[in-house]
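Q: The structure that follows is given in the form of structure tokens.
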Amino acid sequence: MLVRDQINAITLAAPAKLNLFLKVLGKRADGYHELETLMVSIGLYDTLRISADPSGDLSLSCHDAGTILPGDPPRELPPVDRANLVLRAAELLRETTGVRHGARIELVKRIPLAAGLAGGSSDAAAALVGLNRLWRLDLTSSELHELAAQLGSDVPFFLCSSAAAICRGRGEIIEPQALPLRLHFVIARPRTGLSTALVFKHCRPSSTPWSARDLADAWARSDLNRTASYFHNTLQEPAERLNSEVVTLKAWFARQPFVGHMMSGSGTSYFGLCRSRRQAMQLASRLGAIRLGDVFVARSRP
Ligand code: C5P
Numbered sequence: 005m006l007v008r009d010q011i012n013a014i015t016l017a018a019p020a021k022l023n024l025f026l027k028v029l030g031k032r033a034d035g036y037h038e039l040e041t042l043m044v045s046i047g048l049y050d051t052l053r054i055s056a057d058p059s060g061d062l063s064l065s066c067h068d069a070g071t072i073l074p075g076d077p078p079r080e081l082p083p084v085d086r087a088n089l090v091l092r093a094a095e096l097l098r099e100t101t102g103v104r105h106g107a108r109i110e111l112v113k114r115i116p117l118a119a120g121l122a123g124g125s126s127d128a129a130a131a132l133v134g135l136n137r138l139w140r141l142d143l144t145s146s147e148l149h150e151l152a153a154q155l156g157s158d159v160p161f162f163l164c165s166s167a168a169a170i171c172r173g174r175g176e177i178i179e180p181q182a183l184p185l186r187l188h189f190v191i192a193r194p195r196t197g198l199s200t201a202l203v204f205k206h207c208r209p210s211s212t213p214w215s216a217r218d219l220a221d222a223w224a225r226s227d228l229n230r231t232a233s234y235f236h237n238t239l240q241e242p243a244e245r246l247n248s249e250v251v252t253l254k255a256w257f258a259r260q261p262f263v264g265h266m267m268s269g270s271g272t273s274y275f276g277l278c279r280s281r282r283q284a285m286q287l288a289s290r291l292g293a294i295r296l297g298d299v300f301v302a303r304s305r306p
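In short: position in the sequence shown from 1, add 4, done, that's our numbering.
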């Protein structure tokens with residue numbers, strides 16, 4: 005997470021993630037699913053600008069970054085009330101530490117909602133980091149990690165300084181991975197999204213014989229073909245049953261020369277791994293022309 009400090013204000017870049025591997029191992033007694041996943045953060049960012057509010061109020065405003073094409077419908081924005089994880093993160097920090105400081109948070113959205121890219125979780129992690137600094141709370145990384153896990157299963161990953169991690173448990177147990185080769189992706193978010201809870205409700209545990217470690221090892225050897233051969237997402241099959249746009253994207257990606265392709269997280273975003281930025285730009289412009297949704301080109305973060 006990139007952070008820029010100003011006087012009484014902090015600006016943070018909150019990245020999206022892709023799951024290159026997501027295996028559902030089984031359902032737990034608490035209703036969550038036990039996972040093994042490999043997540044990678046990518047260069048597609050929301051921006052949070054947080055400034056001190058001496059009145060003690062907590063407020064959130066949200067704007068679209070304005071990256072949509074002329075003629076496209078306006079992009080859906082998240083709520084700006086307590087349903088937004090950013091405000092929940094701020095309130096959790098105040099409850100935990102007992103401070104009553106206020107903050108004005110301006111969120112500029114680029115990461116699409118209900119897309120399997122964890123934009124809301126990343127925004128929440130950025131709010132924790134930003135407010136911890138602005139309010140001089142001095143919470144340690146393990147204290148922040150604990151609060152992040154209370155906010156959502158994907159939130160702790162975004163506190164990790166490494167761009168890639170193998171995550172277990174419900175997603176909150178993080179094993180950072182040093183994977184220096186940066187990967188190029190084309191990502192499409194169709195017109196409609198999917199609820200994470202709904203997709204998990206329809207999934208069945210996977211018996212895939214390979215693991216996130218196999219994928220990380222292939223990536224560490226810079227073996228792109230082998231890396232893509234280990235792509236797995238147990239949630240893709242239920243997502244395809246719930247949303248036909250995922251099926252349409254899959255068929256399109258399968259006809260193009262991607263090294264590999266898959267849905268991210270609980271969808272509906274679909275990504276293709278490319279050999280170079282040049283190839284990613286070419287394939288993205290082909291995809292943009294058929295207007296199946298929003299198209300992004302992004303590289304894994306260093
Ligand atoms: O943790 P988070 O609030 O982001 O999860 C949203 C929903 O996704 C949960 O309420 C649960 O239904 C489902 N989920 C799950 N197993 C996980 C993560 C999420 O069943 N490991």
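Every residue gets a Cβ at the ideal spot worked out from N, C-alpha and C, and that includes glycine.
Which parts of the segment 203–268 are runs of the beta strand (DSSP E), unbroken and 3 residues or longer, counting only runs that do not cross its ends?
A: The segment 203–268 contains these whole beta strand (DSSP E) runs: 264–267.
Q: How should Asp158 be labelled, buried or exposed, when 16 other C-beta atoms within 10 angstroms of its C-beta is the threshold for buried?
A: Classification for Asp158: buried.
Q: According to DSSP, is Arg140 part of a helix, a strand, or is it coil?
A: Coil, per DSSP.
Q: Span of the alpha helix (DSSP H) holding His37?
A: Looking at the DSSP string, His37 is not in any alpha helix (DSSP H); the run it does join, the beta strand (DSSP E), is 37–57.
Q: Am I right that Asn132 and Leu151 are in contact with their C-beta atoms under 8 Å? What's the rounded C-beta distance?
A: Residue identity differs from the one stated: residue 132 is Leu in this sequence, not Asn. With 8 Å as the limit, Leu132 and Leu151 qualify as a contact, their Cβ atoms being about 6 Å apart.
Q: Could you check whether the segment 21–35 touches the segment 234–251, counting it as contact only if at least three pairs of C-beta atoms, one from each stretch, sit closer than 8 Å?
A: The segment 21–35 vs the segment 234–251: in contact.
Q: Assuming Phe262 and Ile191 form a contact by the criterion Cβ under 8 Å, report the distance between their Cβ atoms to the nearest whole angstrom.
A: Rounded, the Cβ-Cβ distance is 12 Å, inconsistent with contact.
Q: Please find out if some non-hydrogen atom of the ligand C5P comes closer than 7 Å to the beta-carbon of Gly175.
A: Yes, since a heavy atom of the ligand C5P falls inside the 7 Å radius drawn around the Cβ of Gly175.
Q: Determine, using beta carbons only, whether Ala130 and Gly197 come nearer to each other than 8 Å.
A: Not closer than 8 Å, so no.
Q: Determine the closest residue to Thr41 out of Glu110, Arg195, Arg225, Cys171, with distance taken between C-alpha atoms.
A: Selected option, being the one with the closest Cα: Cys171.
Q: Per DSSP, Asp68 forms a beta bridge with which residues?
A: Per DSSP, Lys113.
Q: Could you spell out the range, first to last residue, of the alpha helix (DSSP H) harbouring Glu147?
A: First-last of the alpha helix (DSSP H) with Glu147: 145–155.
Q: Three-state secondary structure (DSSP) at Ser63?
A: Residue state, collapsed to three classes: strand.
Q: Please classify Arg114 as buried or exposed, where buried requires at least 16 neighbouring CB atoms within 10 angstroms.
A: So Arg114 counts as buried.
Q: When we look at the beta-carbon of Pro116 and count the other beta-carbons within 10 Å, is it buried (16 or more) or exposed?
A: Pro116 comes out buried.
Q: Between the alpha carbons of Ser210 and Ala232, how many angstroms are there, rounded?
A: Cα-Cα distance, rounded: 18 Å.
Q: Are the Cβ atoms of Cys278 and Leu291 separated by less than 8 Å?
A: Going by C-beta atoms, Cys278 is not nearer than 8 Å to Leu291.
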